[in-house]
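*Asks:* Read top to bottom, the protein sequences are chains A, B, C and D. Each residue of the first sequence is one higher than the last, beginning at 31 in the working numbering. Each residue of the second sequence is one higher than the last, beginning at 18 in the working numbering. Each residue of the third sequence is one higher than the last, beginning at 26 in the working numbering. Each residue of the fourth sequence is one higher than the last, beginning at 25 in the working numbering. Note that beta-carbon positions come from the ideal geometry of N, C-alpha and C, so glycine has one too. What follows is a structure written as structure tokens; I'll ask about it next.
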Amino acid sequence: MSLLDIHNLNASYGDVQVIFDLSLKVNQGEVVSIIGGNGAGKSTLLRVISGLLPASGGQIIFEEKEIQKDLPENIVAQGIVHVPEGRRLFPLMSVKDNLMVGAYNKRAREESEQTLQEVYSLLPRLEEREDQLAMTLSGGEQQMVAIGRGLMAKPHILMLDEPSLGLAPLLIKDIFETVRKIADQGMTVLMVEQDVRHSLSLSDRGYVLEHGRVVMEGQADQMIDDPHIREAYLGM
Amino acid sequence: MNSQHINKIALLGVLALAFALPLVVRSATYLHILVLLFFYAYLTTSWNIVGGFAGVLPLGHAAFVGIGAYTSTVLSLQYGISPWIGMVVGGVLAMIAGIIIGLPTLKMRGAYFALATIAFAEGLRVMVENIDYLGPLKINGPRGLQIPPLETGFSHFMFATKEPYYYIILIMLLLVMLLTYMVSRSKLGYYLVAGGEEPEAAMALGVNVARARLIAMAVSSFLTALAGTFYAQFSLYIHPKSIISLDMSFEIAFIALIGGRGSIVGPILGALLLRPVSDFCRIYFGDSLPGLHLIIFGLVLILVMLYQPRGLQEPISRLYQRIINRPQPATSGS
Amino acid sequence: MALLQVEKMTKEFGGLRAVDSLDLTIEPGQIFGLIGPNGAGKSTAFNCIAGAFAPTSGKITFDGEVINGEKPWNLCKSGLARTFQIVKPFASKDVLYNVTVASFSTTNSRKHAEEKAMAVLESLNFADKKNVLAGNLTIADRKRLEIAKALATEPKLLLLDEVMAGLRPNEVDEMVSIFQDLRKQGITIFIIEHIMRAIMALSDHIVVIQFGKKIAEGSPAEIANDERVIKAYLGDDYVVA
Amino acid sequence: MLYVLEDTINGILMGSIYGLTAMGLTIIFGVLKVINFAHGSLLMVGMYVSYWAIRLTGVHPYVALILVIPIMFIFGYSLQKIIIRPIFIAEKNVREPVTVIIVTTGIWYILDNLTLLLFGPQYRSLGNNPLQGKMLELGEMFISMPKLYGFVTALVTAAAVHWFMHKTVMGRAIRATSMDREAASLMGIDQYKIYNVAFGIGAATTGIAAVTLIPFYNVFPTVGVLFDIKGFIIVVLGGLGSITGALVGGVIIGLIESVGPQFMTATWTEAIVYGLFLVVLFVKPSGLFGQKHDW
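If you want it as structure tokens, here you go:
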């Protein structure tokens, strides 16, 4: 049994169906990338898993329990943590307070001080800036806080939505390096990315989404140079 | 007989009933209640042009009632000018006030606009309470103004019985309903609705939303002030606390919200529902259970907002449609 | 003369440059595509042109007039119409009412406005839905309504912001043919779209932006094989085969 | 000259109490983004609770806080949970929750008139109490003791709220929710529970304000209306959502009301307050302090 198992998932915004009969799984300890062009439904998929958007059909099974009807706050409590697209930090709170809010769920709260030290040792820059307001950070630093905030929730699976979005190439390398470190510590990661090359190079497996459907899946190292991916992105 | 015919007959029937009512209702008390019912229906219909179609929430319309009432009363008491003329002057003054207040506030988010209108009305009330003389004009501060019933007759807008007042307010109500009906089918009406529902989209389609709202505000404040003159001539006594009161401003909004914002019949339904509650509670429970009608207003308001947020007009017109369509199932779409 | 000329347009949000010195030239009769990865600044550029906000610097000329920071309702009257990425129907009113709001921009008479609205609906094969409440339409129909509203303002230039997002493949094809028809009628089209298949099929000319800057422009075939474009979309380590 | 100084001091003291009465309004707005039109009624309820708590137990007015704070917290919490929450859920996708404003107006009408039914229209005053008529003599100036108590209480309450919002898990969760509801829910925060708590805290601070008022202010069913409108003015002056703004806005009003009568009849000061409000609304609708979360 996989850690996360998704069967025939459907989801809509109002009457716009965005996810069609989508199935996917993530095993314990894996890094899985979901890639695909703009508007393919990647972010929506993460929003459905984390409960922000209700599924209109299908099942999401996490640690052998159906969760597709649970509220976001309960899903976090069970160990699925979603680092949203665009960071979504709390702009007028300090870096440290942002991180501490991450440890809101009961499971994480008791160990929050210890987790904070772990996050600081992984991302030392955050400790230097712990009293700074989140809105005053650069884009790369904000993404680090967002990832750190996600780790504070003690995830069993960490879902990252376009961590490289809007960052300059050098910073993108930093971010992927961080993701690599987190994965090396044994964290299961489900990542949505546009940066095909980087994300697949640190993943075990990958899925390609197009129009809300899985059109390709496989071992990451085999997918990385597949010409079909280019076609999926550029339309010809 | 199709549903259009039934509609016409129903409309004529209601009109005939409204005009015939004073022949049946001989009690001055009931006639008084009916006059106030129409008065509130009129006010709410005027309110609806800006509060309903334009989708903002004005909560200070009593200010315009006050402007109308004071203008015509001062002009008639001091200069012997017929209240009918004073009525128009008051309307124009209220329109100017409406434009001044609307110019900066109609662009604001709803809550700010609501607060600004409340502050305007309250500020006006406080000022009237403080002013005995405005230049040569006697306002008489907190004591209010009494209109001595000297000469009756149409040109004096003064009558010995209630019936003429009944017909005047009925006709005023019908005219203002006709006007809102025409507005709702005009470019202005379309622009108000569009700007109220999706301002950004409306602007992209050529709608200057702020200007449309300002026009609506001007029309609405003008019409509201006319009722102020009526009220002054009907009650023969105006007083800042009663005519520029928050309670009146809120009651107008409540009637519209419960009846149905932005619909032509909504204000009438709301007034038919709430006014009798208020009057009968006052008559029968005024001493033993003071404020009962306001508790009922509050409860009805909350329930309507919870279960029929677009007002009672919607389920009632659905019910009406079902009744008139029952004999022969809906035939054609044209 | 170009219908729309954008010169050195820059838009900053609190120090962040969303659009950086962008130049675009749209000729009359063209279908002009603007693409770029997520967060590249496409929507910001679009919104500056459509008048939703004023650019920080630069010059936008439409039909011979400088339109920087012009109010949206005036832009509409001068012949520039737009659609919204998130469709914004007047939900409590029916389709005909929605389109009539738009056609009022050229007339004061309700009768004329309604007639014109009907003509637009018929041209889009949409007349049978005229009495349906906009709030009850399917997504494909809402997108169609969005286009009908824009057309009813009688535009010279139609700005389309992701009108195909959320459509099924056959609906996308239908949309593509609608735009091709519109071009035949002489309407110039400026389109932002994520569905590559559609934009590649439609456009005469495509500009690609990343980090607010233009990185490539040309015909669809040129764009699809441009190394910078491929790297922008697939990551800058991507090996271009 | 001395009179002006005395009036200024008393104006600042009374103004800080005004600020305290409006603090709950600003907290609730900061989190729910809703102007609670029933806020004055909350104050009125708080004053009746304080009045009866002090009357029935005979304790020093400020000791009654032990009862008033929890009662008002529970009252506010339940009001939000039972009446406002369903509307919030129904209007989840609406940009501006105007319906919620309307519903709070309904609550205002119900509370005020229910109180009228229960306690009648008469004015009640605490009468004999340890703070009644107490004056502090500073040279030749007389400073009202109950207002001085109120001033200190307002500052302590503001500091306590600030501490709570910054140093506790719940406080941080409230701040997070006020900045980004969706991101907060991704952190495991139940936004509706946060609204309940924020409403409870808003009502509790209003209860504290009621206790500071009751030693020198009459209570009657419509007492809230006076403070309701004053409260709107204060929070808009100071900037909706800002606690410092509420205190500063309150002090501005207090000063106008106490110093103004040196130069004009007292009722005119009220008109000036409305005028100032409209001017701020037109010129700087975000208020003097903007919509900053300084808590």
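Any beta carbon of chain A sitting closer than 9 Å to that of D:L312?
*Replies:* No, no contact with chain A.
*Asks:* Between the beta-carbon of C:L184 and the beta-carbon of C:T108, is there less than 9 Å?
*Replies:* Their beta carbons are under 9 Å apart, which means C:L184 touches C:T108 by this criterion.
*Asks:* Can you find at least 3 beta carbon pairs, one from the segment 228-246 of chain C and one from the segment 245-257 of chain D, that sit closer than 8 Å?
*Replies:* Short answer: they don't touch.
*Asks:* Keeping to the same chain, check which residues put their C-beta closer than 7 Å to that of A:A85; ignore five residues upstream and five downstream.
*Replies:* Once the five neighbours on either side are set aside, the close Cβ partners of A:A85 are L39, N40, A41, V78, Q98.
*Asks:* Going by the CB atoms, is the gap between D:G48 and D:H63 shorter than 9 Å?
*Replies:* The answer is yes: Cβ separation under 9 Å.
*Asks:* Would you say the segment 61-80 of chain C touches the segment 29-41 of chain C, given that touching needs at least three Cβ pairs under 8 Å?
*Replies:* Contact between the segment 61-80 of chain C and the segment 29-41 of chain C is present, because at least three Cβ pairs lie under 8 Å.
*Asks:* Sorted by chain position, which residues of the same chain lie with C-beta nearer than 6 Å to C:L59's C-beta, five sequence neighbours on each side aside?
*Replies:* For C:L59, where only same-chain residues beyond five positions count, the Cβ hits under 6 Å are K67, I217, V232.
*Asks:* Tell me the DSSP secondary structure of A:V203 in three-state form.
*Replies:* Here residue 203 of chain A is Lys; the residue named in the question, Val, does not match the sequence. Helix.
*Asks:* Helix, strand or coil for D:V83, going by three-state DSSP, please let me know.
*Replies:* Here D:V83 sits in coil by DSSP.
*Asks:* If you measure beta-carbon to beta-carbon, which residues of the segment 219-230 of chain C are closer than 9 Å to chain A?
*Replies:* Correct list: H219, I220, M221, R222, A223, I224, M225, A226.
*Asks:* If you compare alpha carbons, which of A:S229, A:E240, A:M130 is closest to A:V202?
*Replies:* For clarity, residue 202 of chain A is Ile in the given sequence; the question names Val instead. The candidate whose alpha carbon is nearest that of A:I202 is A:S229.
*Asks:* Excluding sequence positions up to five away, which residues of its chain have a Cβ less than 6 Å from the Cβ of B:Y87?
*Replies:* Nothing listed; no residue qualifies.
*Asks:* For D:V307 versus D:Y75, is the C-beta spacing smaller than 9 Å?
*Replies:* Contact flag unset, no.
*Asks:* Let me know the secondary structure DSSP gives C:K36 once reduced to three states.
*Replies:* In the structure shown, C:K36 sits in a strand (DSSP, three-state: E or B).
*Asks:* Check whether the segment 173-181 of chain A and the segment 228-242 of chain A are in contact - that is, three or more C-beta pairs closer than 8 Å.
*Replies:* The segment 173-181 of chain A is not in contact with the segment 228-242 of chain A.
*Asks:* Taking Cβ to Cβ, would you say B:S89 is nearer than 9 Å to B:A244?
*Replies:* No, they are not a contact pair.
*Asks:* Hey, which unbroken runs of the alpha helix (DSSP H) at 4 residues or more fall wholly within the segment 163-203 of chain B?
*Replies:* Whole alpha helix (DSSP H) segments, 4+ residues: 180-201.
*Asks:* Taking 9 Å as the CB-CB cut-off, is A:D83 touching chain C?
*Replies:* Here residue 83 of chain A turns out to be Leu, not Asp, going by the sequence shown. So, not an interface residue.
*Asks:* How many angstroms separate the CA atom of B:M144 from the CA atom of B:E268?
*Replies:* Using only the alpha carbons, I get a separation of about 22 Å.
*Asks:* If you run the structure through DSSP and keep just helix, strand and coil, what is C:E139?
*Replies:* It is helical.
*Asks:* Under 7 Å between beta-carbons, which chain C residues line up against A:V46? List them in chain order, please.
*Replies:* In chain order: I164, G191.
*Asks:* How many angstroms separate the CA atom of A:L54 from the CA atom of C:L170?
*Replies:* Taking the straight line joining both Cα atoms gives about 36 Å.
*Asks:* Would D:L140 be called buried (16 or more neighbouring beta carbons within 10 Å of its own) or exposed?
*Replies:* So D:L140 ends up on the buried side.
*Asks:* Using a Cβ cut-off of 8 Å, pull out every chain G residue sitting near D:I213, in sequence order please.
*Replies:* Of the protein chains in this structure, namely A, B, C and D, none is chain G.
*Asks:* Flag this pair as yes or no: are the beta carbons of C:P180 and C:A106 separated by less than 9 Å?
*Replies:* Going by C-beta atoms, C:P180 is nearer than 9 Å to C:A106.
*Asks:* Buried or exposed: D:N220, going by 16 or more other Cβ atoms within 10 Å of its Cβ?
*Replies:* Buried is the call here.
*Asks:* Any idea which residues DSSP pairs D:M165 with across the strands?
*Replies:* According to DSSP, which records beta bridges pairwise, D:M165 is partnered with D:L162.
*Asks:* Report the partner residues of C:K84 according to the DSSP bridge assignment.
*Replies:* Looking at the DSSP assignment, C:K84 forms a beta bridge with C:E32.
*Asks:* Would you report the Cα separation of B:S172 and B:T178, rounded to the nearest angstrom?
*Replies:* Whole-angstrom Cα-Cα distance: 15 Å.
*Asks:* When the Cβ atoms of the segment 137-153 of chain D are set against those of the segment 230-245 of chain D, are three or more pairs found closer than 8 Å?
*Replies:* They touch, by the three-pair rule.
*Asks:* Note down, one range per segment and in chain order, each alpha helix (DSSP H) of at least 4 residues found wholly within the segment 41-75 of chain A.
*Replies:* Listed in chain order, there is nothing to give.
*Asks:* For chain D, is any of its Cβ atoms less than 9 Å away from the one on A:R159?
*Replies:* So, not an interface residue.
*Asks:* I'd like to know if C:G76 contacts chain A, where contact means its C-beta is closer than 9 Å to some C-beta of that chain.
*Replies:* No - not a single Cβ of chain A is within 9 Å of the one on C:G76.
*Asks:* Helix, strand or coil for D:Y298 per DSSP?
*Replies:* Helix.
*Asks:* So for D:T50, helix, strand or coil by DSSP?
*Replies:* Three-state DSSP puts D:T50 in a helix.
*Asks:* Could you round the C-beta distance between A:E148 and A:V125 to whole angstroms and report it? I think they count as a contact, below 8 Å.
*Replies:* The Cβ separation is near 15 Å, so there is no contact.
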